[in-house]
Amino acid sequence: MSNYINNELRPVEQNNRINSLDIIRGIALLGILLMNITGFGLAYAYGDPTNSGGSTGWNLKVWIMDSMFFEGTMRGLFTMLFGAGFILLTTRAERNGGGIKVADLYYRRILWLLLFGIIHVYLMLWPGDILYPYALFGLMLFPLRNTKAKYLLIAGLVLLTIGSIKSVNEYHENLTTRTKGLEVEQLKKDNKNVELTKEQEEDLGAWEELLKSKKTEEQINEANEKNRKGYWSIVKSRFGVNTFMQANVVYEFWVWDILSFMLIGIAFFKWNIFQGSRTFKFYFILLLVGYGVGLTVNYYETMIEVNSNFGIVERSQAGQTYQLGRFFTTLGHIGLFMLFIKSGILGFLQNALAAVGKMALTNYLMHTIICTTYFLGFGFGMFGKLQRYELYYVVGAIWIFQLLFSPIWLKYYRYGPAEWLWRSLSYKKIQPFRN
14 MSNYINNELR PVEQNNRINS LDIIRGIALL GILLMNITGF GLAYAYGDPT
64 NSGGSTGWNL KVWIMDSMFF EGTMRGLFTM LFGAGFILLT TRAERNGGGI
114 KVADLYYRRI LWLLLFGIIH VYLMLWPGDI LYPYALFGLM LFPLRNTKAK
164 YLLIAGLVLL TIGSIKSVNE YHENLTTRTK GLEVEQLKKD NKNVELTKEQ
214 EEDLGAWEEL LKSKKTEEQI NEANEKNRKG YWSIVKSRFG VNTFMQANVV
264 YEFWVWDILS FMLIGIAFFK WNIFQGSRTF KFYFILLLVG YGVGLTVNYY
314 ETMIEVNSNF GIVERSQAGQ TYQLGRFFTT LGHIGLFMLF IKSGILGFLQ
364 NALAAVGKMA LTNYLMHTII CTTYFLGFGF GMFGKLQRYE LYYVVGAIWI
414 FQLLFSPIWL KYYRYGPAEW LWRSLSYKKI QPFRN
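Take this note's numbering: the last position of the sequence shown gets the number 448, and nothing is skipped along the way.
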């Protein structure tokens, strides 16, 4: 055992990487920006396009496309790949005789990622950060590394089910709140001199609080002005929402959303799904079943929201099947992307996507650097000035840049700068940087 403990752990060499993992990670990373761009450039528009950015014409079409194909699915895929990367790291290290040092290395990596996430949220100004929750729930993974794949899948599905049950409860609570609130409003309308009971006042107050998720033009203008100010002003104004996202949303939502997909990702890696080892038939069936179920559910949800003009209660009604739709659509994405990878077509594009995936942390942080510089006041101050569909011109430009930049960078350097820093800190030793 002492021989194992004394073995020096080293980062994975480039020629030992699994190419399919890098390619699909690159696709997922670029896909995440399709959803994040709304948060970067518009106020309160991520889930409700009627708040800002436009909800008719091309703006509505773009929202429908996102809702059908990308909402939660690229994040889900990226999260699964985090789980796959975890098991790949620990398996290789233990196979090479890492012993107890494997746990030391893993938790060191995770704790540094946690710090990166905090910096990303509070100093780089991205409330939608995933590094912090990835690290937080990643702390739970190490004891599960030898768990059988079927049990990991079951555990992941159980977490998704719990999340769905919470969404069902939320819908019924909102429905009850609306029903009672409208009854009180009607009562006041019929009799202006009526004296409300304490319970009726509470019912009306709860309904009015729920209505606040629909923002007024004044609130949108105020948010736009805040985000067009200087750096330290934005740091202060975003502190509250940043803390809410990391201290509340992480435990109320992300635990079902992220930890579940991490566990499923580990299971899929153990079943050699991400490695491209399965047959074309397997991936084609995955595509058909995934899209067949997922897109059907997503269409149902999307039409509920569109037909109600994004009503508050209807949004929570659509949310009841959110996890079901995104899970199966993510499976469809995996089937499609793995068929693309196994086919070998568009080799130049696959190579570029693999380079993006190898530099996933760098490119993810680059999204934030580019977008905050373009949209916020300390840069070009474009926050709130583009319609929803126009945001995708920015996305396209970033995609092209990263697909060109990443392969060129990796010709001269072994890692992206963020990956190099993370590895050097994790291994407590400056890692080679240039090729």
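Note that beta-carbon positions come from the ideal geometry of N, C-alpha and C, so glycine has one too.
Alpha helix (DSSP H) segment containing residue i, residue limits
i    : result
F414 : L404 to Y425
M93  : T86 to R108
M316 : F293 to N320
S329 : I325 to A331
I77  : G70 to M78
F266 : Premise fails: F266 is in no alpha helix (DSSP H) and is neither H nor E.
K239 : E230 to N240
A260 : Here A260 belongs to no alpha helix (DSSP H), and DSSP marks it neither H nor E.
M351 : Y335 to S356
Proximal residues to residue i (C-beta, below 8 Å), its chain only, five neighbours per side dropped
i    : result
I443 : S437
G303 : F341, T342, T343, L344, G345, H346, I347 and G348
N16  : The pLDDT assigned to N16 is 37, lower than 50, so where the model puts this residue is not dependable; a value taken from the coordinates is nonetheless given after this. These residues qualify, in order along the chain: G110.
I123 : A148, G151 and L152
Y426 : W433, F446, R447 and N448
W76  : P62, S68 and R401
I247 : L138, K239, N240, L389, G390 and F391
Sequence-distant residues of the same chain with beta carbon closer than 7 Å to residue i, five excluded per side
i    : result
N49  : G141 and H380
A116 : F155
G243 : G390 and F391
I36  : I354, Q363, L366, A367 and G370
Inter-residue Cα distance where the pair is residue i and residue j
i    : j    : result
L165 : L349 : 23 Å
K179 : G110 : 43 Å
T69  : D61  : 12 Å
Q213 : K202 : 14 Å
N255 : N182 : 26 Å
F361 : L43  : 17 Å
F155 : K163 : 17 Å
I354 : P146 : 29 Å
N285 : L299 : 14 Å
A373 : K424 : 16 Å
R158 : K193 : 49 Å
G41  : R88  : In the sequence on display, residue 41 carries Ala and not Gly. Using only the alpha carbons, I get a separation of about 7 Å.
Spatial neighbours of residue i in its chain, beta-carbon cut-off 6 Å, leaving aside the 5 residues before and after
i    : result
G85  : R339
N187 : V326 and S329
F53  : C384 and F388
R121 : S439
R108 : none
Beta-carbon separation (whole angstroms), residue i vs residue j, contact threshold 8 Å
i    : j    : result
L90  : I279 : Actually they do not touch by this definition, with Cβ atoms about 14 Å apart.
S65  : L73  : S65 to L73, Cβ: 14 Å. No contact.
L94  : Q336 : Going by Cβ atoms, the distance from L94 to Q336 rounds to 19 Å, so no, they are not a contact pair.
A236 : Y57  : 7 Å
L81  : T334 : In the sequence on display, residue 81 carries Met and not Leu. Actually they are not in contact, since the Cβ atoms of M81 and T334 sit about 13 Å apart, beyond 8 Å.
Coil, strand or helix - residue i by DSSP
i    : result
W433 : helix
R191 : helix
R447 : strand
R122 : helix
V181 : helix
S439 : helix
T160 : coil
M372 : coil
R38  : helix
M48  : helix
S65  : coil
M395 : coil
W284 : coil
V207 : coil
R401 : coil
A365 : helix
S273 : helix
Y59  : coil
N19  : Caution is warranted here: a pLDDT of 44 is assigned to N19, below 50, making its placement in the model unreliable, and no coordinate value can be reported.
W245 : helix
R30  : coil
K227 : coil
W220 : helix
P146 : helix
Cβ-heavy atom distance, residue i to the ligand FMN, below 6 Å
i    : result
L127 : In the structure shown, the ligand FMN is absent, as is every other ligand, since no ligand is present at all.
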